[in-house]
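Working notes, beginning with the structure itself.
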Amino acid sequence: DSELSIRLARLRLEEQNTKQFLKSKPRNLSYSQCVKWVERNGYGWRSKKEWEEWVELGENLQNFVPADPEGYYTSLGTWVSWDHFLGIYSTQDENDQ
Numbered sequence: 003d004s005e006l007s008i009r010l011a012r013l014r015l016e017e018q019n020t021k022q023f024l025k026s027k028p029r030n031l032s033y034s035q036c037v038k039w040v041e042r043n044g045y046g047w048r049s050k051k052e053w054e055e056w057v058e059l060g061e062n063l064q065n066f067v068p069a070d071p072e073g074y075y076t077s078l079g080t081w082v083s084w085d086h087f088l089g090i091y092s093t094q095d096e097n098d099q
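As structure tokens, this is what we get:
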């Protein structure tokens, strides 16, 4: 009887956890954290097209990095630009820093 109660409680907990997991949204890095991730990983992306080609390959894309950063961060109101996201600065930008 006690063993049956334990099994039922365990099944209820597993069902609750499963429902909660399925309802949860993926957690992505903030825009500034993602820019730092891009900088640290140094794949040398120079354009949106290069990023998209890399995403299509499906290699090394982390769960916490959105495949469509422009769309994701625009919806949050934090997107700046592809040049900013990829760490591409013109000579004028570098002089300003």
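For what it's worth, this note's numbering labels the leading residue of the sequence shown as 3, then goes sequentially.
Cβ atoms here follow ideal geometry from the backbone N, Cα and C, with glycine treated the same way.
Fair warning: this is a prediction, and the values are worked out from it, not measured in the lab.
Considering just the uninterrupted stretch of the alpha helix (DSSP H) at residue i, what are its terminal residues?
| i | result |
| --- | --- |
| I8 | 4-25 |
| L59 | 50-59 |
In its own chain, which residues sit with a C-beta less than 8 Å from the C-beta of residue i, not counting the 5 before and 5 after it?
| i | result |
| --- | --- |
| L78 | Y33 |
Grouping DSSP H, G and I as helix and E and B as strand, with all else coil, what is residue i?
| i | result |
| --- | --- |
| D70 | coil |
| S34 | helix |
| N43 | helix |
| L88 | helix |
| S83 | coil |
| L63 | coil |
Tell me, to the nearest whole angstrom, how far the beta carbon of residue i is from that of residue j; I am working on the premise that it is less than 8 Å.
| i | j | result |
| --- | --- | --- |
| V67 | W47 | Actually they do not touch by this definition, with Cβ atoms about 12 Å apart. |
| L88 | W56 | 11 Å between Cβ atoms; not a contact. |
| W84 | S49 | 7 Å |
Going by beta carbon distance, what residues of the same chain come within less than 6 Å of residue i, once the five residues before and after it are set aside?
| i | result |
| --- | --- |
| L15 | none |
Once you ignore the five residues that flank residue i on each side, which residues in its own chain have a CB closer than 7 Å to its CB?
| i | result |
| --- | --- |
| Y74 | N30, P68 |
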